[in-house]
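**Q** Structure below; questions to follow.
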Amino acid sequence: MEKKKNILFIMSDDHASNAISLYGSRLAGVMQTPNIDRIGKEGTWLTGCFCTNAVCTPSRASILTGQYSHTNGVRTLFDSLPQGSVTFPKLLKEAGYQTAVIGKWHLHSRPEFFDHYDVLGYPWQQGKYFDPEFMDENADWDAALSEDVNCRQYHGETVKGYVTDIITDKSIEWLENRDKEKPFLLLCHHKAPHDEFEYHPRYEHLLDDVKIPLPESMFEDKSRRCEGSKSYGITISGANRRRNMVETMGRVDYPTGALKVEGLNEEERTYAAYQKYLKDYLRTVKGIDDNVGRLLDWLKKEGLYEDTIILYTSDQGMLLGEHDYSDKRWIFEESMQMPLLIRVPGEADCGRRMDTLVSNLDFAPTLLDYAGAAIPESIQGRSIRRLLHSGAAPSDRREEIYYRYWLHMTHCDTPAHYGIRTRDYKLVFYYGMALDAPGALPEQTPPGWELYDLRKDPFEMNNVYNHPEYRSVVQKLKERLKLLKEEAGDPDEKYPKVKEISGL
Numbered sequence: 001m002e003k004k005k006n007i008l009f010i011m012s013d014d015h016a017s018n019a020i021s022l023y024g025s026r027l028a029g030v031m032q033t034p035n036i037d038r039i040g041k042e043g044t045w046l047t048g049c050f051c052t053n054a055v056c057t058p059s060r061a062s063i064l065t066g067q068y069s070h071t072n073g074v075r076t077l078f079d080s081l082p083q084g085s086v087t088f089p090k091l092l093k094e095a096g097y098q099t100a101v102i103g104k105w106h107l108h109s110r111p112e113f114f115d116h117y118d119v120l121g122y123p124w125q126q127g128k129y130f131d132p133e134f135m136d137e138n139a140d141w142d143a144a145l146s147e148d149v150n151c152r153q154y155h156g157e158t159v160k161g162y163v164t165d166i167i168t169d170k171s172i173e174w175l176e177n178r179d180k181e182k183p184f185l186l187l188c189h190h191k192a193p194h195d196e197f198e199y200h201p202r203y204e205h206l207l208d209d210v211k212i213p214l215p216e217s218m219f220e221d222k223s224r225r226c227e228g229s230k231s232y233g234i235t236i237s238g239a240n241r242r243r244n245m246v247e248t249m250g251r252v253d254y255p256t257g258a259l260k261v262e263g264l265n266e267e268e269r270t271y272a273a274y275q276k277y278l279k280d281y282l283r284t285v286k287g288i289d290d291n292v293g294r295l296l297d298w299l300k301k302e303g304l305y306e307d308t309i310i311l312y313t314s315d316q317g318m319l320l321g322e323h324d325y326s327d328k329r330w331i332f333e334e335s336m337q338m339p340l341l342i343r344v345p346g347e348a349d350c351g352r353r354m355d356t357l358v359s360n361l362d363f364a365p366t367l368l369d370y371a372g373a374a375i376p377e378s379i380q381g382r383s384i385r386r387l388l389h390s391g392a393a394p395s396d397r398r399e400e401i402y403y404r405y406w407l408h409m410t411h412c413d414t415p416a417h418y419g420i421r422t423r424d425y426k427l428v429f430y431y432g433m434a435l436d437a438p439g440a441l442p443e444q445t446p447p448g449w450e451l452y453d454l455r456k457d458p459f460e461m462n463n464v465y466n467h468p469e470y471r472s473v474v475q476k477l478k479e480r481l482k483l484l485k486e487e488a489g490d491p492d493e494k495y496p497k498v499k500e501i502s503g504l
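Okay, here's the thing in structure tokens:
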């Protein structure tokens, strides 16, 4: 019987593909990520991997369960993963793997289906960058989960140091003490580079003398957008008076030091805020990359490198000034695109780049497939093992991605919307209502449609929904979107107002 491969699943938080040098964006010449790149150069890296709901808790639940947010019950940051959920770590444990999750959990529940867990607690299961609290099997979970917002107070153990280093230390410690008679599954989940982008002092002067190039869409003409989207979202500039990075980073208590804007005009303030935002962000990314290197080097030293599947990803992407935005949530490429680099010893060519469409629903069935475990019918994703092995898209490959953001206007002023992303187009409907989504705000925003021709407009700056030459494209995409919603089990039967205003 073939020996089962170990699985090391490394996931960061809000790590945009653009901030990984192998992906070749405008940032590749600014800062290299050699250790993360190594996984792709020795394996496969995918440019067509997208999440179905670009916000932390829902995307993490979809990765674990292989299900859409509306199916697994985790639609917003205020939902919790139901106890008893069928997840790929649970199934791998049943298949003989020793399992652990270390780092960020953020599912407002106890990690019940692991042999070991040691996850970030206060505040809100997000954890802190410095001297973070960890909650393991001995923490007071009953008290933490009984609060109106989980982990509003301390319930675990405070560990001195920097969170990215500590998560790696704990991961290596668990690997050293694991049951060596069993294959292992380790979920190493980093907090960084989530805001507020607190970097270790050793990176304080990294990029000091560098000017970060602006994205193509930074000064996009938003008059082309529909009424449902053009006036919303957390901006870098002061365009959104309710929430913007100039004001946020200008606070005297901002963790990495207040942005200095005295004597600057509006354009200069925007540029200064952008530079600070990107440099703080990339400094936390550098911490991730260095610690990925520590893990890879440990596997080599212990003779486990060729026996271990290594996967690097993020729960979603991040807008790094594109469209003058920070944060994620939007259906725009930089938000919904996830980095995915995977090294499978002996089964995939080295350094292969793929642009086939892949979803975060596909992670669970793929890892179950590699482990030789059965894939339950409840999983809505598809294994991409054949794709990774041959490089050729299978006959049942994805032709589109269904996306839905539920957390209407909460935190970052992003209206609720859904859409379809094909290889060539993206069609989006902003319905602008909270519905019954936990934590969504009751204020309504205008509805509206947008269409982007990704072949001609890869930076999504020209909404062509109302252009006569795209009339047939719109009609066909609406038909595909309606069918995709039905296939996904999300036809909006519970929300007749949404069906009415969308016309689907």
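Numbering (UniProt numbering), first residue to last: 1 to 504.
C-beta: ideal position from N, C-alpha, C; glycine also.
1. Grouping DSSP H, G and I as helix and E and B as strand, with all else coil, what is Asn72?
2. Could you tell me the alpha carbon to alpha carbon distance between Ser80 and Glu133, rounded to whole angstroms?
3. Name the one or two DSSP bridge partners that Asp118 has.
4. What do you get for Gln67, buried or exposed, if any count of 16 or more other CB atoms within 10 angstroms of its CB means buried?
5. Hey, how far is the Cα of Pro111 from the Cα of Gln126?
6. Could you check whether the segment 383-400 touches the segment 101-109, counting it as contact only if at least three pairs of C-beta atoms, one from each stretch, sit closer than 8 Å?
7. Taking the CB atoms as reference points, tell me whether Val119 and Gln316 lie closer together than 8 Å.
8. Could you compute how far the alpha carbon of residue 508 sits from the alpha carbon of Met318?
9. For Pro345, collect the residues of the same chain with a Cβ closer than 8 Å to its Cβ; drop the 5 residues on either side in sequence, then sort them by chain order.
10. Determine whether the beta carbon atoms of Tyr271 and Leu320 lie at a separation below 8 Å.
11. Mind checking whether Thr99 and Phe78 have CB atoms under 8 Å apart?
12. At 4 residues or longer, what runs of the alpha helix (DSSP H) sit wholly inside the segment 33-61?
13. When DSSP labels each residue in this structure, what does Asp349 get in the three-state scheme?
14. With a threshold of 16 other CB atoms inside 10 Å of the CB of Phe130, please say whether the residue is buried or exposed.
15. Is DSSP giving Gly303 helix, strand or coil here?
16. Among Glu137, Tyr97, Glu486, which one has its Cα closest to the Cα of residue 590?
17. Just tell me which of Lys279, Ile384, Ala374 has its CA closest to the CA of Asp208.
18. Does the beta-carbon of Asp492 have 16 or more other beta-carbons within 10 angstroms, so that it is buried, or is it exposed?
19. Do Ile420 and Leu484 have their CB atoms nearer than 8 Å?
20. With three or more C-beta pairs closer than 8 Å as the rule, is the segment 320-333 touching the segment 399-418?
21. Given a cut-off of 8 Å, decide if Asp413 and Asn240 are closer than it, judged by their beta-carbon atoms.
22. Just how far apart, CA to CA, sit His70 and Ile63?
23. Have a look at Leu451 and His467 and give me their C-alpha separation to the nearest angstrom.
24. Does the distance from the C-beta atom of Tyr254 to that of Ser326 stay below 8 Å?
25. Could you give the DSSP three-state label for Leu77: helix, strand or coil?
26. Per DSSP, what are the beta-bridge partners of Thr235 in this structure?
27. Alpha carbon to alpha carbon, what distance is there between Tyr495 and Leu435?
**A** Based on what the coordinates show:
1. helix
2. 20 Å
3. Ile102
4. buried
5. 15 Å
6. no
7. no
8. Outside the modelled stretch of the chain, which goes from 1 to 504, sits residue 508, for which no answer is possible.
9. Lys5, Tyr305, Glu306, Asp307, Thr308, Ile309
10. no
11. no
12. 34-41
13. coil
14. exposed
15. coil
16. Outside the displayed span of the chain (1 to 504) sits residue 590, for which this structure offers no information.
17. Lys279
18. buried
19. yes
20. yes
21. yes
22. 14 Å
23. 10 Å
24. no
25. coil
26. Asn244, Tyr325
27. 7 Å
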